[in-house]
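Structure first, then comments.
There are 2 protein chains.
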Amino acid sequence: MSESIGFLLNDTARLFRRAFNARTRDSGITALQWRVLSYLSRHPGIRQGPLADIIEVEPITLSRMIDRLEEAGLAERRADPTDRRAWLLHLTPLAEPLLDDLRRTGRAVVAEATEGLSDAERDELAALVERVRANLSRRECLKEKETL
Amino acid sequence: MSESIGFLLNDTARLFRRAFNARTRDSGITALQWRVLSYLSRHPGIRQGPLADIIEVEPITLSRMIDRLEEAGLAERRADPTDRRAWLLHLTPLAEPLLDDLRRTGRAVVAEATEGLSDAERDELAALVERVRANLSRRECLKEKETL
DNA sequence: CACATATAATAGCAATTGCTACTAAACACA
DNA sequence: TGTGTTTAGTAGCAATTGCTATTATATGTG
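If you read the protein sequences in the order shown, they are chains G and S. Taken in order, the first sequence gives residues 1 to 148; the numbers are from our numbering. Taken in order, the second sequence gives residues 1 to 148; the numbers are from our numbering.
Following this line, the structure appears as structure tokens:
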């Protein structure tokens, strides 16, 4: 009579976001915004569409997240010289010190969350969740093809 | 250079919700609403506050979810004879056939998500995520006490 | 009893998200 | 070149969420 793994994952993810947001309320950065900043710091110059795919939100949702990050002076859109419809996303220098803080916070939350798990168990957890994510991600793609 | 378990859990949970919502778009029931219905079917008569705690949302959020379920004729508030501030939550008979459908959908989504995992791996996954959830949940409680 | 404090639920507001429809630009191909 | 299709991104709208403040009721204490 245990709960479904779907409920369990959703609850846990919500608690993760809540723990993170509670620690970063001052900076006004949410868990999802941080995700974008973190990705951009490692892969500058990506377009909006592919980044929306990567973080698994709708393109319009990412578009408005970038609006807010631009307003906050943390990110910027640069024209793509090869395609006038597209924007290339970059961080501003202002984002770097903030990212350092956020990384520390992220590590702290993960440390809390995985307290009592051995290194092997953490690896096992990540591997299993990744397989579930891949299953659901693949399904999504198949569904899109079906509708063609 | 792997991604944090926090990001991974959030992505996977979002994909779960998306897969579920895509299959139930006709019925207009979301993954979180289903969660409420499912809990009420097994534990009728709970108050709003405790149920909000259980599904880990704010009380006001649950209150408005119940508003919608009442409008849809699926749930109802009954006065608590021992406390005139409180409501006791119940499902209506209308909810039962819907719940059967939703359970089938839920099982199908979980089957997709855990495709390729052995029974032992599914148990292991659930056990590990549950430990993470418990860590974060416990922390939440501690934090509330700190603020007193 | 009087009065302070705590609790259950809700209203107002602002922020975020996604669905749908749309614009502009690129591409395909006769 | 012309024309139809696809792609990148965005605006409008409705729905949902959480923070803060508020109402009504319950409980504790002198």
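Backbone N, C-alpha and C define an ideal beta-carbon position, used for all residues, glycine too.
The C-beta distance from L9/G to A22/S rounds to 17 Å, too long to meet the 8 Å contact threshold. At a beta-carbon threshold of 7 Å, the residues of chain S lying near E121/G are L128, ordered along the chain. Looking at the DSSP output, D80/S shares a beta bridge with D83/S. In this structure T82/G is exposed. Its beta-carbon is surrounded by fewer than 16 other beta-carbon atoms within 10 angstroms. Every alpha helix (DSSP H) stretch that sits fully inside the region 3 to 56 of chain S and reaches 4 residues is listed by chain position as 5 to 23, 31 to 42, 48 to 55. DSSP places A126/S within a helical segment (H, G or I) once states are collapsed to three. Distance between I55/S and A19/G, taken at the CA atoms: about 16 Å. Under the three-state reduction of DSSP, L94/G is assigned to coil, being neither helix nor strand. Take the alpha-carbon of R77/S and the one of E58/S: they are about 18 Å apart.
Those residues of the region 77 to 107 of chain S placed with their C-beta closer than 7 Å to a C-beta in chain G are G106, ordered along the chain. For L69/G, the enclosing alpha helix (DSSP H) stretches over residues 59 to 71. The three-state reading of DSSP puts L136/G in helix, counting H, G and I together. In this structure, Q48/G sits near L89/G, with a CB-CB distance shorter than 8 Å. Judged by DSSP in its simplified three-state form, L88/G adopts strand.
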